[in-house]
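Counting in this note's numbering, the sequence shown runs from 369 upward without gaps.
Everything below concerns the one structure shown next.
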Amino acid sequence: MKPIHDWIGEPGSVISWHPSRATLAKVKDAPVSDVPVSYQQAQHLLAYRRHESSGTDMARLNIPSWDIPGRCDVRAMTHVINAYLRRHDTFHSWFEYTGDEDDSDSGKGLADKIVRHTLANPRDIKFTPTEHGEMSAAEWRDHILATASPWVWDCFHIGIIQRDDHFTVYISVDHVHTDAMFMGLAFVEIHMMYNTLVEGAAPLKLPEPGSYDTYCREQHEYVSKLTAESPEVRDWIEFLQHNGGTLPTFPLPLGDPSVPYSGDVITISLLDKEQGDRFEQACISAGARFSGGVFACGAIAHAAITGESTYRVITPTTTRRTPAEFMTTGWFTGLVPITVPVDADAFGDIARAAQESFDAGTELAHVPVERVLELGAETHGLRPPDAGVPMLSYLDVGLLSPGVIAEWQRLNGTIYSDSRSAYQVGMWVNRVEQETTVTAAFPSNPIARESVMRYLLAMKAVYVGVVEGRDVAAAAIAADTVGLDLKTA
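This is the structure:
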């Protein structure tokens, strides 16, 4: 993962695909649907309203890219893009806010004022190519970041950057329609289908995808039955009450919270291939998996910095359940609350406890934390989160299809992050074949950068200590990082 502002390269001729006038007319007239907006979509749309009202530019785009040799067959690519957009029903809807424009975002029930409009016939979707001429890296970055807001139907587009001997395919999609898994799905569908067509073969017959509309209906039915006494809600409430009635906050200063900062990104290497294998073996020996070790390292680093004996964090995970859903583009992500005691000195004990907490909490991902905050506001004193909520995620690329990963790497596949304003501190630990890295996104200011770097270096000290068989107790890690002075807000 790289910040989009680090995307450089030789200039190229840009072609991007956008809806035809006839398609836009059909979309404008699309009727209101009885399919409820998913909780993920509603919170994203409302967050965009908050950013708009405060004059900040929200980080919201998922942007994968890869290279293909030769010159782009525009006709074939046009067919592939339209087939992809028609195939996945999340792209058939747009959203309208039916409340007053001056509604307070602190009020309740704003999500109920969002309605979905849906095209009756997916074949009415027709994207056509637009030639933009040669663009520099700065120009194509601006072009991509100009992707429409999530309140506009075509908040997604696909394009290519043509060079002499190859072209780069990019996809820019607002998060309202996608999660991290979309990257692999889109690459497989678009790249494989394009290659098949330009080689003169018949279009691929892909497995039927599931329906995001169906997921939204099922989620709404499930969530509508939840009460403050539901066991899964009570589990969330217990977690939140240990954090003062809300989600945890990052333990170090992030600058003035009243200032609308843009976003910044740091990536550091944690382990090389051999170290990663040894770290995994240490986790297995403790009765955990690599993921448990990731949360244990976060817990020990947190304890080293704060002196606290319990670590609480949230991690995202997919809410897909069926094979068809795993073939479906949409926002199928929920949060798992993780609680890790750090009163033991042995890494193995902490890793095992972290693994048990994650495994026991995976079903809680189906419970939107926003709904829990609503249900427990009056009875349990729950409140919306403050800025700077930390999120720790783990992805082992090796668990994905080896063939797909090999092709992605061969074609210079890259995921670019939208480095605009965000309210949380996201940390993504990614294990690829040759190394394990951590990427962090945070507010762009010197105080936040120093704080996040201190946290990441403390995490790295734990990883390396485990591999080298050294003491990784919180006190030892604190001693390793004591030389890092922090500025204060």
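Even glycine gets a Cβ: it sits at the ideal position worked out from N, Cα and C.
All values reported here derive from a predicted model rather than from experimental measurement.
Would you tell me roughly how many angstroms separate the C-alpha atoms of residue i and residue j, rounded to the nearest one?
i, j, result
"A846", "A669", "8 Å"
"T707", "A790", "24 Å"
"R680", "T498", "48 Å"
"S834", "V840", "First, the amino acid is wrong: residue 834 is Val here, not Ser. V834 and V840: Cα-Cα distance of roughly 7 Å."
"P490", "D457", "8 Å"
"G546", "R428", "Reading off the sequence shown, one finds Thr at residue 546, where the question assumed Gly. Approximately 10 Å, taken between the alpha carbons."
"L596", "E606", "The sequence as given places Ala at residue 596; Leu does not occur at that position. About 11 Å."
"N450", "I436", "19 Å"
"D492", "Q411", "29 Å"
"R531", "G501", "12 Å"
"I431", "P621", "29 Å"
"E420", "L414", "10 Å"
"L703", "H543", "16 Å"
"A857", "S626", "Model confidence at A857 stands at a pLDDT of 34, short of 50, so the residue's coordinates are unreliable; what they give is reported in the following sentence. When rounded, the distance between both Cα atoms is 11 Å."
"M445", "P575", "20 Å"
"L594", "V601", "7 Å"
"V793", "P379", "33 Å"
"G467", "E836", "58 Å"
"L852", "A842", "With a pLDDT of 47 at L852, under the threshold of 50, the modelled position of this residue cannot be trusted, and the question is left open."
"S474", "S504", "Reliability of the predicted coordinates at S474 is poor, the pLDDT of 49 falling under 50, and the value obtained from them is presented with this limitation in mind. Distance between the alpha carbons of S474 and S504: 42 Å."
"A826", "V820", "10 Å"
"W508", "F694", "31 Å"
"T496", "L478", "36 Å"
"T641", "E648", "The amino acid at residue 641 is misidentified as Thr; the sequence shows Lys. Going from the Cα of K641 to the Cα of E648 covers about 11 Å."
"A719", "L743", "32 Å"
"K855", "L763", "Caution is warranted here: a pLDDT of 41 is assigned to K855, below 50, making its placement in the model unreliable, and no coordinate value can be reported."
"A816", "R455", "42 Å"
"D376", "D581", "Residue 376 is actually Ile in this sequence, not Asp. Taking the straight line joining both Cα atoms gives about 38 Å."
"P619", "M795", "14 Å"
"H373", "T782", "13 Å"
"W462", "N798", "33 Å"
"I528", "R646", "41 Å"
"A844", "H748", "38 Å"
"W604", "V400", "34 Å"
"V757", "T614", "10 Å"
So, under 8 Å CB-CB, residue i and residue j are touching, yes? Tell me the CB distance rounded to an integer number of Å.
i, j, result
"T690", "G552", "Not really, about 17 Å apart at Cβ, beyond 8 Å."
"L750", "L608", "6 Å"
"A516", "C523", "5 Å"
"V710", "T678", "7 Å"
"G661", "A650", "7 Å"
"C665", "V830", "4 Å"
"S812", "S592", "About 40 Å; that fails the 8 Å criterion."
"F810", "D624", "The Cβ separation is near 14 Å, so there is no contact."
"I682", "M759", "6 Å"
"Y583", "G698", "6 Å"
Cα-Cα, which of the options is closest to residue i?
i, options, result
"I673", "R822, L779 and H525", "R822"
"L572", "V448, I539, I605 and I512", "V448"
"L741", "G729, C665, N611 and A692", "N611"
"A714", "F694, P705 and A667", "A667"
"D425", "P684, H588, S787 and T747", "S787"
"W434", "Q802, Y784, G675 and W796", "Y784"
"V520", "P628, L392 and G660", "L392"
"P314", "V797, S401 and T617", "This structure cannot settle anything about residue 314, because the visible part of the chain is limited to 369 through 857."
"S388", "T782, Q643 and K494", "K494"
"Q409", "A692, G675, Q587 and D624", "Q587"
"R417", "P684, V400 and E464", "E464"
"D914", "S761, V757, R739 and H748", "Examination of residue 914 is not possible in this model, given that the chain is present from 369 through 857 alone."
"A548", "A844, L615, H559 and S761", "S761"
"M369", "K828, V765, K394 and V832", "V765"
Which runs of the beta strand (DSSP E) at least 3 residues long sit entirely within the region 767 to 807? Give them in chain order. Considered as a whole, the region 767 to 807 harbours 782 to 785 and 792 to 799 as its complete beta strand (DSSP E) runs of no fewer than 3 residues, in chain order.
Measuring CB atoms only, is the region 565 to 574 touching the region 431 to 448, in the sense that at least three cross pairs come out at less than 8 Å? Enough Cβ pairs lie closer than 8 Å, so yes.
Would you call the region 719 to 737 and the region 770 to 779 touching, i.e. three or more CB-CB distances under 8 Å? Result no; under three Cβ-Cβ pairs closer than 8 Å.
Contact between the region 772 to 789 and the region 541 to 557: three or more CB pairs below 8 Å? Verdict: yes, contact present.
Cβ pair count under 8 Å reaching 3, the region 632 to 641 against the region 805 to 825: Segments in contact, yes.
Does the region 706 to 724 come into contact with the region 647 to 661, if we say contact requires no fewer than three beta-carbon pairs (one atom in each stretch) closer than 8 Å? Judged by Cβ distances under 8 Å, the region 706 to 724 makes contact with the region 647 to 661, as three or more pairs qualify.
Please confirm if the region 527 to 536 is in contact with the region 380 to 400, defined as three or more CB-CB distances below 8 Å between the two stretches. Verdict: yes, contact present.
Does the pairing of the region 478 to 489 with the region 390 to 409 give three or more beta-carbon distances under 8 Å? Flag = yes, the region 478 to 489 and the region 390 to 409 touch.
Contained alpha helix (DSSP H) runs [length at least 4] in the region 575 to 621, N- to C-terminal order: Those alpha helix (DSSP H) runs which fall completely within the region 575 to 621 and span 4+ residues are 580 to 592 and 599 to 609.
Whole beta strand (DSSP E) runs in the region 646 to 719 with 3 or more residues, listed along the chain? Within the region 646 to 719, the complete beta strand (DSSP E) runs of at least 3 residues are 678 to 686 and 701 to 709.
For a minimum of 4 consecutive residues, which ranges assigned as the alpha helix (DSSP H) are wholly contained in the region 395 to 459? Taking only runs of at least 4 residues, the alpha helix (DSSP H) segments lying wholly in the region 395 to 459 are 407 to 422 and 442 to 455.
Residue ranges of each beta strand (DSSP E) within the region 485 to 527, 3 or longer: Complete beta strand (DSSP E) runs here, min 3: 495 to 503.
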